[in-house]
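In the numbering used here, the protein residues as written are 279 to 566.
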């Protein structure tokens, strides 16, 4: 393209982006910093909640055939001492799972459809990741849950709350992702987001975050330095009637794998690397 044609085009894109920023849905609230601090406190509270991520004490992947659960010897899913020697049996045949509770044990059903059970302070249920099924175990009275060190955040910056345009996607658009266990997932793309930050235009891929939100897994130039090496997560509202949303990078937070060995966190795809140091949101935690 000739330079005299390219310059007006770039100017037009810049003006359109600026207009989009000015017309972004929702003006900056007068108590914006207080809202972000409230969000940070809620993040801390959810982590240390009785069924928060820091209550996890085990994750057991199921093998074909019978998988016995209890505190006794030779159990496939091992409960701590003091709980039933045999609590339940999970049977995996041809990809189909059935679960049976030991009627003689002090174990209760919580959600039979998810094979979720409880024994005292222990709760466990089935998860599925990358075509595999496993039993995730938590202790609602785990001491480490209560003695959790506070999370750490960069200073709040209102200029990292940006307007994004939600781009059209094909009905069957999908993306290949991996998790920390090197399991591969092909997940549907919920949206592509275009926004202006640091004097450049960026595009990232968003996943389904529920009926009202989009979910983003991203990395940036702080990843592995001052922030977690496995990237950070972010939710943003689904677009308004004009196809716009707000991305608030002050709400970037650490995946649960920072706090537990029993999570299966998604890793950011190459498409979601932002070539800027996003020194906002949650910092690195401990040795992570």
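By construction, the Cβ of each residue, glycine as well, lies at the ideal position given by its N, Cα and C atoms.
Same chain only: Cβ atoms within 7 Å of residue i, ignoring 5 sequence neighbours per side
i           : result
residue 310 : 436
residue 499 : 553, 554 and 555
residue 535 : 458, 508, 541 and 543
residue 282 : Residue placement at residue 282 is poorly supported in this model, since its pLDDT is 33, which falls under 50; the coordinates are not used for a value here.
residue 358 : 349
residue 483 : 453, 467, 470, 547, 549 and 550
residue 379 : 366, 385, 387 and 395
residue 417 : 333, 335, 399 and 400
residue 447 : 467, 469 and 470
Contacting residues, own chain, Cβ-Cβ under 6 Å from residue i (five flanking each side not counted)
i           : result
residue 486 : 468
residue 220 : This structure gives no information on residue 220, because the portion of the chain shown stretches from 279 to 566.
residue 394 : 388 and 403
residue 347 : 355, 365 and 366
residue 426 : 326 and 332
Distance between residue j and residue i (C-alpha atoms, nearest Å)
i           : j           : result
residue 412 : residue 302 : 43 Å
residue 451 : residue 465 : 9 Å
residue 350 : residue 305 : 59 Å
residue 505 : residue 369 : 41 Å
residue 328 : residue 374 : 30 Å
residue 434 : residue 314 : 8 Å
residue 259 : residue 541 : What the structure shows of the chain is the stretch from 279 to 566, and residue 259 is not part of that stretch, so it cannot be assessed.
residue 316 : residue 363 : 44 Å
residue 381 : residue 497 : 48 Å
residue 515 : residue 492 : 6 Å
residue 550 : residue 453 : 11 Å
residue 406 : residue 392 : 10 Å
residue 333 : residue 419 : 7 Å
residue 503 : residue 384 : 47 Å
residue 353 : residue 402 : 15 Å
residue 414 : residue 470 : 32 Å
residue 366 : residue 490 : 37 Å
residue 533 : residue 321 : 11 Å
residue 445 : residue 494 : 15 Å
residue 430 : residue 376 : 42 Å
residue 511 : residue 345 : 34 Å
residue 455 : residue 421 : 34 Å
residue 361 : residue 343 : 24 Å
residue 539 : residue 439 : 32 Å
residue 408 : residue 307 : 41 Å
residue 371 : residue 390 : 18 Å
residue 488 : residue 477 : 31 Å
residue 267 : residue 318 : This structure leaves residue 267 out entirely; the chain is present only between 279 and 566.
One or two residues paired with residue i in a DSSP bridge
i           : result
residue 515 : 491
residue 452 : 466
residue 440 : 525
residue 407 : 410
residue 484 : 469
residue 479 : 474
residue 498 : 552
8 Å Cβ shell around residue i - same chain, five flanking residues per side excluded
i           : result
residue 410 : 339, 340 and 461
residue 300 : For residue 300, the pLDDT reaches just 45, beneath the cut-off of 50, and the residue's location in the model is therefore unreliable, although a value from the coordinates is still provided. Same-chain partners within the cutoff: there are none.
residue 424 : 326
Where residue i falls, given that 16 or more other Cβ within 10 Å makes a residue buried
i           : result
residue 518 : exposed
residue 570 : Outside the modelled stretch of the chain, which goes from 279 to 566, sits residue 570, for which no answer is possible.
residue 479 : exposed
residue 337 : buried
residue 397 : buried
residue 443 : buried
Please determine if the region 557–566 and the region 520–533 are in contact, where contact requires at least 3 C-beta pairs separated by less than 8 Å.
yes
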